[in-house]
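Working notes, structure below.
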Amino acid sequence: MVGRNFRKLLRDAALYATSLTLGNGCLSTSEAKENRINDDQTRIEVPSKLEDFVHNNIDRWIETYHKPHITGMCISKQKTSDEMMPCAELMADMLRNAGVQNVKILREGESYPSVYGEIKSPNKNVPTLLIGGHYDTQPAVEALWTITKPFEPKIIIKDGKRELCGRGSSDDGQALTHLDAIEAYVKTGTPLPINIKFLLEGGEEKGSEEMDKLIEKYKDLLKTDVVLITDSGNIRPSVPAITYRSRGLVAMYINVKTAENDPHSGDGGSVLCNANTALTWILSGLIEPKTQQCLLPRFYDDVQKPSEAETEHIKSLEYDLNGFMDTYKIKHIIPKNVEEVKSAMWTQPTSEIHAIYRKKDKEKKVVPNEDGNKTTSEAEAYFTMRLVPNQDPNKIAEIATREIYQRAKQTCLAPDQIRINVISRDYPASADTENVYVKARSRALSMIFGIQPDIVPVGGTEPIVGFYQGILKAPVVYDSADTMDDKAHGNDECFSIEKSLVPMVLTNIVTYQLLLNTTK
Numbered sequence: 087m088v089g090r091n092f093r094k095l096l097r098d099a100a101l102y103a104t105s106l107t108l109g110n111g112c113l114s115t116s117e118a119k120e121n122r123i124n125d126d127q128t129r130i131e132v133p134s135k136l137e138d139f140v141h142n143n144i145d146r147w148i149e150t151y152h153k154p155h156i157t158g159m160c161i162s163k164q165k166t167s168d169e170m171m172p173c174a175e176l177m178a179d180m181l182r183n184a185g186v187q188n189v190k191i192l193r194e195g196e197s198y199p200s201v202y203g204e205i206k207s208p209n210k211n212v213p214t215l216l217i218g219g220h221y222d223t224q225p226a227v228e229a230l231w232t233i234t235k236p237f238e239p240k241i242i243i244k245d246g247k248r249e250l251c252g253r254g255s256s257d258d259g260q261a262l263t264h265l266d267a268i269e270a271y272v273k274t275g276t277p278l279p280i281n282i283k284f285l286l287e288g289g290e291e292k293g294s295e296e297m298d299k300l301i302e303k304y305k306d307l308l309k310t311d312v313v314l315i316t317d318s319g320n321i322r323p324s325v326p327a328i329t330y331r332s333r334g335l336v337a338m339y340i341n342v343k344t345a346e347n348d349p350h351s352g353d354g355g356s357v358l359c360n361a362n363t364a365l366t367w368i369l370s371g372l373i374e375p376k377t378q379q380c381l382l383p384r385f386y387d388d389v390q391k392p393s394e395a396e397t398e399h400i401k402s403l404e405y406d407l408n409g410f411m412d413t414y415k416i417k418h419i420i421p422k423n424v425e426e427v428k429s430a431m432w433t434q435p436t437s438e439i440h441a442i443y444r445k446k447d448k449e450k451k452v453v454p455n456e457d458g459n460k461t462t463s464e465a466e467a468y469f470t471m472r473l474v475p476n477q478d479p480n481k482i483a484e485i486a487t488r489e490i491y492q493r494a495k496q497t498c499l500a501p502d503q504i505r506i507n508v509i510s511r512d513y514p515a516s517a518d519t520e521n522v523y524v525k526a527r528s529r530a531l532s533m534i535f536g537i538q539p540d541i542v543p544v545g546g547t548e549p550i551v552g553f554y555q556g557i558l559k560a561p562v563v564y565d566s567a568d569t570m571d572d573k574a575h576g577n578d579e580c581f582s583i584e585k586s587l588v589p590m591v592l593t594n595i596v597t598y599q600l601l602l603n604t605t606k
């Protein structure tokens, strides 16, 4: 898609109206018959009983889907696969309560439990839509949250609109908007236009470990015409986005352990190899301190530069840099201007040290640093690299591992005192926006939000996109209605009820209707 068809993509996207409102207007294109949205219906509207149901039940959904005991127990980075089962059971109950049928929990190997469900349309020979998403959340440090405790959701008023704040509200609370839409159909007795399946994974925040094996095992059950994942990001306020590319990811823990306990520094200093000193010296050779460029040998060798057409497209995107800096209270950045920011976020790889732990207990929970004069015997760092097209995560992981061990040899560490655990080897993913399903979703977003969605690359990683494409042989649409000030993964994470949640539920309802009228 990023190659020779990119200009055609942009031309086609420009044909869509930029100010369609619900029940007022239609789209008309000159696309080829074999890849178009049928325009037999000149008006696509949300049936009034469905819209009324959404508005009358939104507060109940918020209370049900964001209870503290749900998000607080779904932190995959702090739990084993078995420990996530109660959370999976809760999610399965949510699907059943919404009217989804044949609900079951799927597992394979070391994968975290995934929740499957389906609901069939009474219509014959209609498309099947698989809705992907995840129910696990990121960890949170309570002391850094100012609006509410991370796992005690709270509704606030911002610019006259309600926002639900709490961990998981945005990432991936967006997936639950499809459950809301399904419940509206079921509880109002409105026939579902198409067949719908769900697959909500429990380990997305840990890199979708072994989800490829799970999808392979259950590929007949998961068979679909298209996959829709509402779990991406936007680049400007109140404008939804459809993603055409995400970065790959190599993530690893680097552990240094030189003793079972910390001796007094008067005894251990210059006698025991200090784990903090050794680890920080190793890390110092991985990233250039001023530019933050990766120093690993051959790291940039396979980086694929964007085409001329994509470069022009990226320049045309209106990225809200001021909003980004204001959201996170950033005073200084490395790039010199917004164009360099977009290039750094979307076309270049990254390498980052996210955390350095002094020690971990048996439950893998961080133990706070102590200021006592001790010689540190154990330290661990979390190190990642985001990858762009043509970079192979296996190759990059090997380069990084080799270099880290080589640097360790230059310290006081013995060979058996350093261990590397690579937890993610995810390829960059690209989505074909030349298909009818993307155009149906784009049209639905335009109708509800009143503006054409941005077509954007994102800096994050969606490893499961490649699994769906490669194993199910199905096109993937991934989009988002949250905004950067929702602070996904950050402190004070929120999700706008009026600006994002309600419009996305209505967009889903319209999407299902539009997919009924598609021809491949």
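For what it's worth, our numbering labels the leading residue of the sequence shown as 87, then goes sequentially. Heads up, the beta-carbon is just placed ideally off N, CA and C, and yes, glycines get one too.
According to DSSP, residue pairing for Ala337 in a beta bridge involves Thr470 and Ser510.
Annotation: Leu308 to Gly556 spans about 13 angstroms, alpha carbon to alpha carbon.
Straight-line measurement puts the Cα of Ser516 at about 39 angstroms from the Cα of Asn362. Under the three-state reduction of DSSP, Val186 is assigned to coil, being neither helix nor strand.
For Arg248, the enclosing beta strand (DSSP E) starts and ends at Lys247 to Cys251. DSSP lists Glu204 and Leu216 as the beta-bridge partner residues of Lys283.
Here Thr436 carries a strand assignment [DSSP, helix/strand/coil]. Burial of Ser566 is indicated by the presence of at least 16 other C-beta atoms within 10 angstroms of its C-beta.
Counting along the chain, Tyr523 sits inside no beta strand (DSSP E); it lies in the alpha helix (DSSP H) bounded by residues Val522 to Phe535.
At the C-beta level, Gly252 and Met170 stay beyond 8 angstroms of one another.
Listed in chain order, the non-local C-beta contacts of Gln599 below 7 angstroms within the same chain comprise Ile130 and Pro279, local neighbours out to five positions each way being set aside.
According to the DSSP assignment, Ser197 belongs to no beta strand (DSSP E), since it is labelled neither H nor E. Only exposed fits Glu404, as fewer than 16 other CB atoms lie within 10 angstroms of its CB. Distance between Arg488 and Asn341, taken at the CA atoms: about 15 angstroms. By the Cβ criterion, the segment 183-202 is in contact with the segment 283-302, since at least three pairs of Cβ atoms, one from each stretch, lie closer than 8 angstroms. Taken atom to atom, the span from the alpha-carbon of Leu558 to that of Thr310 is near 7 angstroms. DSSP places Ile595 in no beta strand (DSSP E) but in the uninterrupted alpha helix (DSSP H) bounded by Val588 to Leu602. The segment 258-336 is shown to contain whole alpha helix (DSSP H) runs of 4 or more residues at 262-273 and 297-303, in chain order. Distance between Asp406 and Ile419, taken at the CA atoms: about 14 angstroms.
Judged by DSSP in its simplified three-state form, Tyr221 adopts coil rather than helix or strand.
Residue pairing by DSSP places His350 opposite Lys460 in a beta bridge. Going by DSSP, Tyr405 is part of no beta strand (DSSP E) at all; its letter is neither H nor E.
Remark: C-beta atoms of Asp478 and Asp353 do not approach each other more closely than 8 angstroms.
Beta-bridge analysis with DSSP links Ala441 to Tyr468.
The beta carbon of Val508 is closer than 6 angstroms to those of Met338 and Ala483 in its chain, skipping five residues each way along the sequence. Per DSSP, the unbroken alpha helix (DSSP H) holding Pro549 starts and ends at Pro549 to Phe553. Looking at the DSSP output, Ser370 bridges to nothing. Bounds of any alpha helix (DSSP H) do not take in Ile161, whose DSSP letter is neither H nor E. In chain order, Val563 place their CB closer than 6 angstroms to the CB of Val524, counting only its own chain and leaving out the 5 sequence neighbours on each side. At a Cβ-Cβ threshold of 8 angstroms, Ile328 and Thr519 count as neighbours. For Ser516, DSSP records a beta bridge to Arg331.
Counting every other CB atom within 10 Å of its CB across the protein chains shown gives Ser134 a total below 16, marking it as exposed. A residue is called buried once 16 or more other Cβ atoms fall within 10 Å of its Cβ, and Gly458, having fewer, is exposed. Burial state of Arg384 is exposed, judged by a 10 Å Cβ sphere holding fewer than 16 other Cβ atoms. Nearest Cα to Lys163 within the set Asn209, Lys206 and Ala226: Ala226. Pro239 sits in coil when the DSSP states are folded into three classes, being neither helix nor strand.
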